[in-house]
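Order-wise, the sequence lines are chains A and B. So in UniProt numbering, spot 64 of the first sequence is number 64, and the numbers just go up one at a time. So in UniProt numbering, spot 260 of the second sequence is number 260, and the numbers just go up one at a time. Heads up, the beta-carbon is just placed ideally off N, CA and C, and yes, glycines get one too. First the structure, in the form of C-alpha cells, and then the observations on it.
Number of protein chains: 2
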Amino acid sequence: MEDVSNQDQAIELLQQLGLKEYEAKSFVALARRQRGTAKDISETSDVPRTRVYDAIRILESKGLVETQHSNPQIFRAVSIDEAVNTLQSEYVDRAESLRSALSGLDPTDEGDSTEATHEVWSISGDQGITSRTRQLIEGATEELILVVGHNSIFTDRLAEQLQSAQEHDVNVIIGTIDEDLQATIQDALPSVEVFVSGLDWLSRSPLPDDDTEISRLLLADREAILVSSFTETRADGREHEQGVFGRGFDNGLVAITRRLMATGLLSVNDPEAEEA
Amino acid sequence: MEDVSNQDQAIELLQQLGLKEYEAKSFVALARRQRGTAKDISETSDVPRTRVYDAIRILESKGLVETQHSNPQIFRAVSIDEAVNTLQSEYVDRAESLRSALSGLDPTDEGDSTEATHEVWSISGDQGITSRTRQLIEGATEELILVVGHNSIFTDRLAEQLQSAQEHDVNVIIGTIDEDLQATIQDALPSVEVFVSGLDWLSRSPLPDDDTEISRLLLADREAILVSSFTETRADGREHEQGVFGRGFDNGLVAITRRLMATGLLSVNDPEAEEA
DNA sequence: CAGCTATTCACTCACTTAATCACAATACTT
DNA sequence: AAGTATTGTGATTAAGTGAGTGAATAGCTG
Chain A
1 MEDVSNQDQA IELLQQLGLK EYEAKSFVAL ARRQRGTAKD ISETSDVPRT RVYDAIRILE
61 SKGLVETQHS NPQIFRAVSI DEAVNTLQSE YVDRAESLRS ALSGLDPTDE GDSTEATHEV
121 WSISGDQGIT SRTRQLIEGA TEELILVVGH NSIFTDRLAE QLQSAQEHDV NVIIGTIDED
181 LQATIQDALP SVEVFVSGLD WLSRSPLPDD DTEISRLLLA DREAILVSSF TETRADGREH
241 EQGVFGRGFD NGLVAITRRL MATGLLSVND PEAEEA
Chain B
1 MEDVSNQDQA IELLQQLGLK EYEAKSFVAL ARRQRGTAKD ISETSDVPRT RVYDAIRILE
61 SKGLVETQHS NPQIFRAVSI DEAVNTLQSE YVDRAESLRS ALSGLDPTDE GDSTEATHEV
121 WSISGDQGIT SRTRQLIEGA TEELILVVGH NSIFTDRLAE QLQSAQEHDV NVIIGTIDED
181 LQATIQDALP SVEVFVSGLD WLSRSPLPDD DTEISRLLLA DREAILVSSF TETRADGREH
241 EQGVFGRGFD NGLVAITRRL MATGLLSVND PEAEEA
C-alpha cells in the first residue's frame with residue numbers, strides 16, 4: 001500500500017523531469033520488474049499496450065531503457081542510479097549552458113538604473129523568498145533582526161548563514177513566536193540572542209477571517225526589510241508563501257518595521273517601555 | 001548578431017528547463033534590461049503585452065523575478081547566478097526525490113531473471129550509449145579494445161575512464177580510423193597503445209548509399225561488445241547515434257566481433273597475416 | 001470628467017498528447 | 001499447412017495545453 005504512493009510519486013517526478021505520462025508509467029513498470037515485454041509493461045502500468053512501444057523508444061533515446069529486438073521484444077530498465085544520474089546530469093548541463101548564454105546577453109541600454117532606495121518589491125514562492133533572505137543575510141554588516149514565524153522556515157542552511165554572519169561581527173537577534181521554537185533555535189545557535197517576540201499580532205492576526213500567518217520577518221542593518229506570510233489562497237489547498245521586500249533607510253515599509261521591531265525588542269528587554 | 005543567437009539559445013534552454021515560451025522570453029528580456037514594465041518587456045521580447053503579466057507571475061513564483069506593485073508595475077529579474085542556481089537546484093532536488101521513490105518500489109516477482117548471456121540489446125542516443133560504455137570500461141578486468149570512429153566521442157571523461165582502467169591492470173588498446181585522431185588520443189593517453197585500424201570498412205562503408213558512420217566499437221574482456229553508429233535518419237538533419245550491446249563469450253555478436261578485431265589488430269602488427 | 005494607459009479576463013486556434021482502432025506481421029497450435 | 005493467438009506499426013479521434021487576440025475593467029493624467 002505504501003508502495004502505491006511511492007509509485008505514483010515516482011511517476012509524477014519523472015513527468016516533472018520532462019517525461020510524458022506514458023513514458024513515466026512505462027519506466028516505473030519496467031523498473032519494478034527489471035525486464036519485460038510490451039504486454040507485461042502494459043499490464044503493470046495501464047498504458048495501452050500499443051503505445052508502450054513509442055514510450056519505450058523515447059526512453060531508449062534518453063538512455064533509460066535498453067531493448068532486445070527479439071520477438072516479442074524485451075525491454076530492460078537501466079539501474080536506478082544510472083537513470084537518476086542520467087536525468088540529473090541532463091539538467092545540470094542545461095543549467096550550465098544557460099548560465100553562459102545569459103551571461104553573454106548584451107544589455108539593452110535603457111532601464112539599467114541602479115537599485116533605487118524606497119521601493120517595495122513583492123516576491124512569491126518559497127524559492128525566491130529563501131533566496132532573497134540569504135542575500136540580505138550575507139549582505140548585512142551591522143545587525144540582523146529575524147523573526148521566525150513558523151518552524152518550517154528555520155532550516156539548517158539558514159542556521160549556517162546566520163552563524164556565518166555572526167562570525168563576521170554582525171549582531172544577530174532572533175525572535176520567535178513561542179517557547180518551543182525559541183528553544184530549538186537557541187539550541188542550534190547558542191551564541192545568538194533568541195527571544196520570544198512581544199508582538200502579539202505576529203502569531204495571531206487581530207482580524208477575524210484572516211487565515212494568513214506570518215512566516216518570516218527580517219530587518220538587515222535597519223535599512224532593508226523582508227516580510228513574508230503564508231496564505232491559503234489556492235484551490236488545491238496547498239499553502240503559498242508571499243512576501244515583500246524593501247530597501248532604504250527612508251523606505252516607508254522599512255521605517256515602520258524598524259519602529260515595530262524596536263517596540264517588540266523593548267517590550268522584551270524592558271516590559272515597562274511597551275507603550276513607546 | 002552573435003547575441004541574437006545567444007538570446008535564442010537562452011530562451012530555448014529555459015524552455016527545456018520547464019518554462020513556457022512566454023515565460024522564457026519575458027525572463028530573457030528582463031535579464032537584459034534589469035528592470036522594466038510590461039510594455040518594455042513586450043517590446044524587447046515580442047510577447048504580447050497582455051500576456052506578460054501571466055508569464056511574470058509564474059516567474060515570480062519560481063523565484064526568478066520580483067515585482068514592484070506600482071502603476072505601471074515594474075519587474076526585475078534576479079541575478080543570473082541566482083536564477084540558474086534556483087532552476088538547477090529545483091531539478092537536483094527532484095532527482096533526489098526520484099531516487100528514493102524508485103528505490104522504494106516493490107519489485108514484482110516475475111521477470112526478475114538474472115542477466116542472461118547471449119543476448120543483444122539495442123540502445124539509442126548519445127546519453128545511453130556513453131553510459132553503457134562507461135559501465136563496460138569500469139567492469140573490465142583484463143582487456144579493453146576500443147575503436148574510436150569519430151573524434152566527437154573521445155571526451156575527456158572517456159580518457160579518464162580509460163586511464164583509470166589501465167591503472168587497474170587492464171590492457172587498453174585503442175584503434176582509430178585516421179592518423180589525426182590517433183595523434184590526439186595518443187597525446188591524451190601516452191601509456192596506451194593507439195593504432196590506426198587496419199579495417200577499411202570501419203571508415204568507409206563498402207556499400208553505396210550507406211550514410212552511416214561507425215561511432216564506437218568496444219570489446220571488453222573479449223566477452224562483451226558495444227557497437228554504435230551515427231545515422232542521419234532524422235528529418236531535422238540532426239544525426240542520431242544508435243548502438244547494440246551484447247554480452248557472453250559465446251554470444252554471436254561478440255564472437256564475430258572478436259574475430260574481426262583480431263584481424264584488425266593482426267593486420268596492423270603483422271601486415272602479412274591480413275588474410276587470416 | 002474625458003481620454004489615455006495599464007491590467008485582467010475570456011475566448012479562439014493550433015498543436016501536442018492521450019486513447020482507441022484497424023491491420024499487418026510473426027509466432028504458436030493442432 | 002491452416003488457423004488462431006499474439007505482437008508490432010500506423011492511422012484516427014478525442015482531450016488537453018499553450019499561443020495568440022480582443023474585449024472589458026481599473027487606474028491614472030490632465
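Cβ-Cβ separation between R132 (chain B) and Q161 (chain B): approximately 12 Å, too far for a contact (criterion under 8 Å).
Not a single CB atom of chain B sits nearer than 8 Å to the CB of E160 (chain A). Residues of chain A whose Cβ lies closer than 7 Å to the Cβ of T231 (chain B) do not exist; the shortest such Cβ separation is about 12 Å.
Contact between the segment 55-68 of chain B and the segment 76-86 of chain A is absent: fewer than three C-beta pairs spanning the two stretches fall below 8 Å.
Comparing alpha carbon positions, the residue from A:R49, A:Q242, A:L226 and A:Y22 closest to L136 (chain A) is A:L226. Beta-bridge partners of F75 (chain A) (DSSP): A:G36 and A:T67.
Between the alpha carbons of Y91 (chain A) and T37 (chain B) lies a distance of about 31 Å. Within the same chain, V47, R51 and A55 come within 6 Å of Y22 (chain B) by CB-CB distance, once the 5 residues on both sides are set aside. The beta-carbon of A31 (chain B) is placed less than 8 Å from the nearest beta-carbon of chain A. With a 10 Å radius around the Cβ and a threshold of 16 neighbouring Cβ atoms, A24 (chain B) comes out buried.
Residues of the segment 13-31 of chain A whose Cβ lies closer than 8 Å to any Cβ of chain B, in chain order: L13, L14, Q16, L17, G18, V28 and A31.
Put simply, the CB of A101 (chain B) is near chain A, with a gap under 8 Å to one of its CB atoms.
Here E223 (chain A) is not near V244 (chain A), since their CB atoms are 8 Å or more apart.
Within chain A, the residues placing a beta-carbon under 7 Å from that of L87 (chain B) are A95, ordered along the chain. Burial check for I123 (chain B): the Cβ neighbour count within 10 Å reaches 16 or more, so the residue is buried. Between the segment 91-108 of chain A and the segment 135-150 of chain B, the count of C-beta pairs closer than 8 Å stays below three; the two stretches do not touch. Every beta strand (DSSP E) stretch that sits fully inside the segment 134-169 of chain B and reaches 3 residues is listed by chain position as 143-148. Assignment of S197 (chain B) by DSSP, reduced to helix, strand and coil, places it in the coil class. Straight-line measurement puts the Cα of D180 (chain A) at about 10 Å from the Cα of V196 (chain A). Taking a contact as a CB-CB distance under 8 Å, the pair Q15 (chain B) and K62 (chain A) does not count as one, their CB atoms being some 17 Å apart.
The Cβ neighbour count for R259 (chain B), taken over all protein chains shown within 10 Å, is under 16; the residue is labelled exposed. Straight-line spacing of the CA atoms in Q163 (chain B) and D169 (chain B) works out to 10 Å.
In terms of beta-carbon proximity, S45 (chain B) stays away from the interface with chain A, with every pair separated by 8 Å or more. Among the residues facing chain A, L181 (chain B) is not included, as its CB has no counterpart in that chain under 8 Å away. Residue-level contact by beta carbon fails for K39 (chain B) and chain A, as no gap is shorter than 8 Å. Each residue's CA atom was taken as its position, placing F230 (chain B) and D156 (chain B) some 20 Å apart. Residue pairing for I129 (chain A): DSSP places it in no beta bridge.
Sequence-distant Cβ neighbours of F249 (chain A) in its own chain, meaning closer than 6 Å and more than five residues away, are E223.
The C-alpha of F27 (chain A) lies about 13 Å from the C-alpha of L87 (chain A). The alpha-carbon separation between L218 (chain B) and R33 (chain B) amounts to approximately 51 Å. For the set B:S70, B:I173, B:I185 and B:T130, the Cα lying nearest the Cα of S215 (chain B) is the one of B:T130.
In the same chain as T184 (chain A), and ignoring 5 residues on each side of it, the C-beta atoms closer than 8 Å to its own belong to N151 and F154, in chain order. Taking the C-beta atoms as reference points, N6 (chain B) is found nearer than 8 Å to A101 (chain A).
The C-alpha of S103 (chain B) lies about 15 Å from the C-alpha of L64 (chain A). Residue contact check for G63 (chain B) against chain A: a CB pair falls below 8 Å.
Around the beta carbon of I11 (chain A), 16 or more other beta carbons lie within 10 angstroms, which makes this residue buried.
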